[in-house]
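Read through the structure below, which is laid out as structure tokens, and then see the notes.
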Amino acid sequence: MSVVSFRWLRFSALLEGSSLLLLLLVAVPLKRLADMPEAVAIVGPIHGVLFLFFISMLFSHAARGDLSAKQTLIGFIASFIPTGTFIYKAKVLKST
Numbered sequence: 166m167s168v169v170s171f172r173w174l175r176f177s178a179l180l181e182g183s184s185l186l187l188l189l190l191v192a193v194p195l196k197r198l199a200d201m202p203e204a205v206a207i208v209g210p211i212h213g214v215l216f217l218f219f220i221s222m223l224f225s226h227a228a229r230g231d232l233s234a235k236q237t238l239i240g241f242i243a244s245f246i247p248t249g250t251f252i253y254k255a256k257v258l259k260s261t
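Structure, rendered in structure tokens:
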């Protein structure tokens with residue numbers, strides 16, 4: 166279990182959470198209220214890539230045995246909840 170690799174997992178959690186908040190709190194309101202669909206067209210795919218990066222890092226750590234099944238499941242569920250990955254990073258990954 167490498168400190169550097171957990172650093173990347175923590176960083177990916179921050180990126181994924183930030184991109185979800187950016188999508189929900191900035192891009193979607195711009196699309197709906199200001200008739201700017203290009204905001205979602207730009208931020209949506211970026212969030213998608215960051216989501217996949219976080220999930221791949223999460224399952225990579227699980228496959229190596231760095232994370233338990235419970236920690237992995239919590240991380241997976243947290244990735245679908247706004248601010249979930251921030252809480253996951255602070256509560257679950259703080260001890261790794």
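The sequence shown begins at 166 in this note's numbering and counts up one residue at a time.
Glycine included, C-beta positions come from ideal geometry on N, C-alpha and C.
Residues of its chain near residue i, where Cβ-Cβ distance is below 8 Å and the 5 sequence neighbours each way are ignored
i, result
"F251", "A178, L179, G182"
DSSP three-state assignment for residue i, whether helix, strand or coil
i, result
"M201", "coil"
"S244", "coil"
Interface flag, residue i vs chain B, CB-CB below 8 Å
i, result
"G249", "Among the chains of the structure shown, chain B does not appear; only one protein chain is present."
Cβ pair residue i, residue j closer than 8 Å
i, j, result
"V208", "Q236", "no"
"L223", "F245", "no"
"A204", "L190", "no"
"H226", "S184", "no"
Endpoints, the alpha helix (DSSP H) within which residue i is located
i, result
"A192", "First-last for A192: undefined, no H or E at that position."
"K254", "249-256"
Neighbourhood of residue i by C-beta distance below 6 Å, restricted to the same chain and skipping five residues each side
i, result
"I220", "none"
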